[in-house]
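In what follows, a single structure is set out as structure tokens and then discussed.
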Amino acid sequence: MTLIHVINPNTSQAMTDGIARTAREVAGPGITVLAVTSAMGPASIESHYDEALAVPGVLAAVREGERAGAAGHVIACFGDPGLAAAREVAAGPVVGIAEAAAHVAMLLGRSFSVVTTLSRTVGHTRDLIRSYGFAAACAGIHACDVPVLDLDSPSAWASVGKTCAAARDSDGCDVIVLGCAGMTGLAAALSGELGIPVVDGVAAAVKLAEALAVLGLRTSKRDEYATPPPKPVLGPLSGLALPEPPG
Ligand code: 2AL
């Protein structure tokens, strides 16, 4: 059994249910998906403050997934909150949906545009894409102005679709990347409407995590991503202190 541990970094169970549906749809034979909702943090992540509050819950979830024997982890929020720290404490690969979606988009065309939720997330998304090395290929980042937790209605889906079409027309991009886990499940229909590939980050990340796990490829522990040395952690986060290594 190969376990792929999919973490919803926000605390909305409804969003986890949608993420889990996509993950199970795309997971290959022999893959078990364990989809979990963060046990602490904000209901949705659409500001720097939300993201900072979400990271401890992501790290707690990664450590629980390790104890459950996860072969790989997916961080299913487009800010990839806590991704580098998660790589330090996980044995298997950790894949964020933003990084996964950008990689997959670059296998499908020369340029991509991202459709995100609120305009306040555009700058952070731009920083992320730049940090992953894809700035030159990113033709634009567009907000549909729908808050994360409102992405579950036909009118919200219509706004996402309209923003994708506008991004395609204004940017001339080859590929659209959906910039929120709450948009999962929309890609196939949108791709049909738009006539260009639309990448669902949840699906991309689950498939990449699965591929890495099946290939036996793990995060390099040579230096930066090695397990950090244990040290005292005070206050409400004391439960996240790392143990002394065995032996
Ligand atoms: C997200 C996401 O994927 N999950 C969440 O809570 N916020 N992304 C976004 N662009 O707002």
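Per this note's numbering, the very first residue in the sequence shown carries number 40; after that it's consecutive. We treat Cβ as the ideally placed atom computed from N, Cα and C, and that holds for glycine. Computed from a prediction, not measured in an experiment: that's the story for all the values here.
### Query
Taking Cβ to Cβ, would you say Glu103 is nearer than 8 Å to Ala129?
No, the pair does not count as a contact, with Cβ atoms beyond the cut-off.
### Query
Name the DSSP bridge partner or partners of His163?
In the DSSP secondary-structure assignment, His163 is not bridged to any residue.
### Query
In the structure shown, what three-state DSSP assignment does Val75 receive?
When DSSP states are grouped into helix, strand and coil, Val75 belongs to the strand group.
### Message
Quick check: the Cα distance between Ala141 and Glu232, rounded to an integer number of angstroms?
### Response
Approximately 21 Å, taken between the alpha carbons.
#### Entry: Thr266 classed as buried or exposed, judged by whether at least 16 other C-beta atoms fall within 10 angstroms
The residue is exposed, with fewer than 16 neighbouring Cβ atoms inside 10 Å.
### Message
Closest to Ile168 by C-alpha separation, out of Arg149, Ala137, Ala182, Leu147, would be which residue?
### Response
The shortest C-alpha separation from Ile168 is found at Ala137.
### Task
Could you pull out every unbroken beta strand (DSSP E) segment of at least 3 residues lying fully inside the stretch 83-126, listed in chain order?
The stretch 83-126 contains these whole beta strand (DSSP E) runs: 111-114.
### Query
Any heavy atom of ligand 1 within a distance shorter than 7 Å of the CB on Ala220?
Checking every heavy atom of ligand 1 against the Cβ of Ala220, one is found closer than 7 Å.
### Task
Can you check DSSP and say which residues form a bridge with Leu188?
Its beta-bridge partners do not exist; DSSP assigns none.
### Query
If we count Cβ pairs, one from each stretch, closer than 8 Å, do we get three or more for the stretch 83-95 versus the stretch 106-123?
Judged by Cβ distances under 8 Å, the stretch 83-95 makes contact with the stretch 106-123, as three or more pairs qualify.
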